[in-house]
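Participant:
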Amino acid sequence: SGASFAISRKLREVPFIFILLFGIWDITYYLFLKLLINWPSGLVEYDILFLIPIPWIAPVYAPVMVSSIFIIGAIFYLYKGLTFSSLQLYLFLLSVFILLLSFIFIPVKILLTSGIHGFSSYAGGGFNLLIFSIGIILLIISFLPPEKLHIY
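Counting from 1, position 28 in the sequence shown corresponds to residue 69 in my numbering; the numbering is continuous, with no gaps.
Structure below.
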């Protein structure tokens, strides 16, 4: 966040620089893990993305897709000098919330059915692709140029 302010020339660039840097960091993280410890073995391998407030679990392709969209969208908006309309901002925030739900879907299900001890037998699987897909579609829509959304 601080780097976004330091790099930006205009206040409206800060959120786009932030998501650009986050996307680059996230993909670079996976690339270095692959180079250093040969993990993940594939994009469908499950990963624990975060542990706060509960584990966020998803196949590796999920955060890589989100980060790729972040990078492409941020570069486009920075290059064109655009900013989000109010509707685009709401769509972006809604998409991030839905994506978060897709990442915590498995842990919430485990906690509700088996309690904390259910994690000891979890071996991957169960990612809710429907919730994730809805989040991805809304994320892409939020980055469409305002004229494509007929927003003025």
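Virtual Cβ for every residue (Gly too), placed ideally from N, Cα, C.
#1: Give, in chain order, every unbroken run of the alpha helix (DSSP H) that is at least 4 residues long and sits entirely within the region 48-114.
#2: From what residue to what residue does the alpha helix (DSSP H) around residue 163 run?
#3: Assuming residue 101 and residue 81 make a contact with CB atoms under 8 Å, what is their CB distance in whole Å?
#4: Hey, how far is the Cα of residue 116 from the Cα of residue 59?
#5: Measuring straight from C-alpha to C-alpha, what distance separates residue 150 and residue 122?
#6: Does DSSP put residue 189 in a helix, in a strand, or in coil?
#7: How far does the alpha helix (DSSP H) with residue 176 in it reach, from first residue to last?
Facilitator: So, from the listed chains and residues:
#1: 55-78
#2: Looking at the DSSP string, residue 163 is not in any alpha helix (DSSP H), and its letter there is neither H nor E.
#3: 5 Å
#4: 11 Å
#5: 42 Å
#6: coil
#7: 170-184
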